[in-house]
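When you line the sequence shown up against the numbering used here, it's residues 149 to 625, in that order. Reviewing the structure listed below.
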Amino acid sequence: MSKIIATSRTHSESGLSIKPLLAWFQSAPASHRVRLIAGRFTNLRRLSSWPLLALCFITPWLSWNDLPLVHLDLVAKQFRFGAVIFWPEDLMILTWMMMAGAFGLFFVAMASGRLWCGFSCPQTIWTFLFIRLEELIEGSRHKRLRMDRTNIAFNKTIFSKASSEKILRKLVKHSAWLTLSLITGITFISYFYPLSEMASDFLANDLFVGNLSGSGLFWIIFIAGFTYLNAGFLREQVCVHMCPYSRFQSVMADKSTLTVQYNEQRNDCIDCEVCVQVCPTDIDIRDGIQLACIACGACVDGCDDIMAKINKPKGLISFRPAETNIQHALNVIKRPRLLGYAIAFLLSLFLLFNQWESREGINASLERDRNSLYRINANDEVENNYSLKLHNKTNQSLELVLLINNDERRVFSINHQRYKIEPGQRQQFPFTITQQENAETKQVMHENKKAITIDIMSIKNDEVLGSIETSFIAPHQ
Ligand code: SF4
Ligand code: SF4
């Protein structure tokens with residue numbers, strides 16, 4: 149029974165060339181032959197990545213007061229996190245958050261190198277997820293290598309057994325990758341376009357005109373395709389060539405930064421190549437410290453396993469300070485730049501909480517009537533007209549009352565004191581302040597301009613939500 153190796157000539161006879169597809173099925177790049185290993189750093193990555201993944205995938209399903217728990221609503225220009233809503237006016241909070249995040253990352257990068265890359269970066273977490281699926285479906289690295297060497301061949305109308313198995317396993321693997329990518333795409337977009345809205349648009353056959361500028365489905369497919377390409381194919385190329393963090397990370401490192409290193413003075417290496425086989429960036433750490441290393445610790449786990457098997461002490465490959473010792477690395481006082489990052493991080497956190505504390509539930513501004521400074525009413529009293537602009541930044545309806553807090557002589561009255569404003573609503577309310585006689589002294593105010601402060605109080609909680617400074621103008625006496 150002669151087997152025919154599938155070639156372009158064979159398929160060109162049918163007028164359709166599937167050579168590129170077959171070539172793709174035939175073998176995978178070296179990075180696709182990563183061997184998964186067990187060990188302390190692998191466990192540590194599981195410990196950091198599983199909670200992050202759970203948080204990422206579960207959050208869109210949670211709600212708060214019948215609304216999505218997290219909603220980054222670009223259309224309404226509001227970011228909602230449970231009871232807290234951020235508006236464009238809260239830009240300073242976002243700024244301090246980003247500053248704290250950046251200084252925190254600088255601190256971690258200087259103290260322990262690319263710890264973020266190896267243990268928390270979505271690129272690494274998704275890549276390891278894809279590798280785990282690959283291993284589950286196609287088998288161990290050894291089996292995958294053997295399968296990749298199998299040429300796809302068929303006899304007249306049927307594929308050989310090995311070819312069928314190869315095609316089936318590859319199809320199942322890519323289907324699993326695509327499914328995970330699609331779930332990732334839906335999850336990511338659901339932070340902007342809540343699942344409930346997405347589902348009802350889908351059921352109404354209206355996914356194309358969702359609230360993401362009419363392109364909900366486009367963005368889901370875009371993110372799914374991006375995930376499939378990044379975690380399935382590009383993998384370490386993103387870390388090595390595309391990630392900006394990897395570029396400036398080396399600038400932040402000093403001689404005490406922890407890096408993954410091979411101890412060449414020990415002479416214990418048996419050249420088993422496990423450290424290379426487990427490396428997701430396809431480097432040989434025995435060649436020295438390398439920029440492409442994402443500090444995932446897989447080679448440390450792999451080599452420790454080998455050392456245990458040959459009864460040699462672990463740590464032939466380990467995390468160590470680049471040029472100093474661990475005592476110096478841990479002494480923050482002796483590393484002024486590291487201390488500087490720590491102080492800047494704490495300062496940003498302090499300013500963030502300070503800004504958070506001073507955040508008001510409403511945004512209020514007041515404008516005087518530009519047409520007339522004052523008016524004398526039928527009772528001979530002086531009146532000033534104002535326009536109050538209110539923005540309810542909370543997710544609850546607010547009932548408010550306006551009170552003049554520096555009216556010691558009780559000569560002012562507001563004609564429209566109570567307001568109700570719905571969550572997220574911006575509304576304008578005109579009102580008038582009238583200057584009356586003091587009930588006790590029977591005198592009117594003799595100032596022609598008086599600074600007044602109006603408190604905006606929540607009726608429900610009996611607390612001041614905000615205050616506005618303005619002035620009352622009266623004719624010269
Ligand atoms: S895993 Fe350890 S023993 Fe094996 S090649 Fe790498 S350094 Fe040498
Ligand atoms: S050299 Fe080691 S720590 Fe660095 S990326 Fe490769 S396996 Fe991870």
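Every residue gets a Cβ at the ideal spot worked out from N, C-alpha and C, and that includes glycine. The structure presented is a predicted model; accordingly, all values stated were derived computationally and were not measured.
*Could you pull the start and end residues of the alpha helix (DSSP H) that Glu505 belongs to?*
484 to 505
*4-residue-minimum alpha helix (DSSP H) runs that sit fully inside the segment 419 to 447, ordered along the chain*: 422 to 425
_Nonlocal neighbours in the same chain, by C-beta distance under 7 angstroms from Leu377, ignoring five residues either side_ = none
_Using a Cβ-based criterion (distance less than 7 angstroms to any ligand heavy atom), does Pro392 qualify as near ligand 2?_
Not so, every heavy atom of ligand 2 lies at least 7 angstroms from the Cβ.
*asked:* For a quick check, are the C-beta atoms of Leu210 and Leu220 less than 8 angstroms apart?
replied: no
*By the 10 Å Cβ neighbour count, where 16 or more other Cβ atoms means buried, how is Pro623 classified, buried or exposed?*
exposed
*Indicate the three-state DSSP secondary structure (helix, strand or coil) for Leu351 in the structure shown.*
Leu351 carries a helical assignment under DSSP once its states are collapsed to helix, strand and coil.
*Hey, Ala372 and Leu330: beta-carbon distance below 8 angstroms or not?*
yes
*asked:* I need the straight-line Cα distance from Thr601 to Gly230, nearest angstrom please.
replied: 33 angstroms
*What's the C-alpha gap between Phe336 and Asn609?*
Straight-line spacing of the CA atoms in Phe336 and Asn609 works out to 37 angstroms.
_Per DSSP, the bridge partner or partners of Ile604_ = Bridge pairing for Ile604: Leu550, Gly614 [DSSP].
_Residue from Leu406, Thr405, Phe276 whose Cα sits closest to the Cα of Ala186_ = The candidate whose alpha carbon is nearest that of Ala186 is Phe276.
*Could you check which residue in Thr190, Arg262, Thr243, Leu548 has the C-alpha nearest to that of Ala401?*
Arg262
*asked:* Any heavy atom of ligand 2 closer than 7 angstroms to the beta-carbon of Thr429?
replied: yes
*Where Asp296 falls: helix, strand or coil (DSSP)*: helix
*DSSP-derived helix/strand/coil call for Lys403*: coil
*Would you say the beta carbon of Val256 comes nearer than 7 angstroms to a heavy atom of ligand 1?*
no
*What do you reckon, are the CB atoms on Leu281 and Ala224 nearer than 8 angstroms?*
no
*Simplified DSSP state of Val530, which is helix, strand or coil*: strand
*Minimum C-alpha distance to Pro370 - residue among Leu382, Lys403, Ile334*: It should be noted that the sequence gives Phe, not Pro, for residue 370. Nearest C-alpha to Phe370: Ile334.
_With distance defined between alpha-carbon atoms, name the residue in Asp603, Val399, Thr298, Asn525 nearest to Ser311._
Thr298
*Cβ distance (whole Å) where Ile569 is taken to contact Leu538 below 8 angstroms*: 5 angstroms
_Could you check whether the segment 391 to 406 touches the segment 278 to 293, counting it as contact only if at least three pairs of C-beta atoms, one from each stretch, sit closer than 8 angstroms?_
no
*With respect to 7 angstroms, is the separation between the Cβ of Cys444 and the closest non-hydrogen atom of ligand 1 below this value?*
no
*Is it buried or exposed for Ser197, if we count other Cβ within 10 angstroms and need 16 for buried?*
Burial is judged here by how many other beta carbons sit within 10 angstroms of a residue's own beta carbon; Ser197 has at least 16 and is buried.
*In chain order, what residues of the same chain have a beta carbon less than 7 angstroms from the beta carbon of Cys204, not counting five sequence neighbours either side?*
Hits under 7 angstroms: Thr335.
*Identify whether Ser535 lies in helix, strand or coil by the three-state DSSP scheme.*
strand
_For Lys568, the three-state DSSP class (helix, strand or coil)_ = strand
*asked:* Give me, in chain order, the residues of the same chain whose beta-carbon lies closer than 6 angstroms to that of Ala257; leave out the 5 immediate sequence neighbours on both sides.
replied: For Ala257, same chain residues with a beta-carbon under 6 angstroms away, outside a window of 5 residues either side, are Gln397, Met400 in chain order.
*Check each candidate in Lys460, Cys423, Cys427, Ala446 and name the one with the smallest Cα separation from Arg414.*
Lys460
_I need the DSSP call for Glu286, collapsed to helix, strand or coil._
helix
*Start and end of the alpha helix (DSSP H) containing Ala310?*
309 to 338
*Hey, would you say the C-beta of Asn339 is under 7 angstroms away from at least one heavy atom of ligand 1?*
The identity of residue 339 in the sequence shown is Tyr, whereas the question assumes Asn. No, ligand 1 has no heavy atom inside 7 angstroms of this Cβ.
*So, helix, strand or coil for Ser561, using DSSP?*
strand
*Should Val422 go down as buried or exposed, given a rule of 16 or more other Cβ atoms within 10 Å for buried?*
buried
_As assigned by DSSP and simplified to three states, the class of Leu630_ = Absent from the model: residue 630. The displayed extent of the chain is 149 to 625, so no value can be given.
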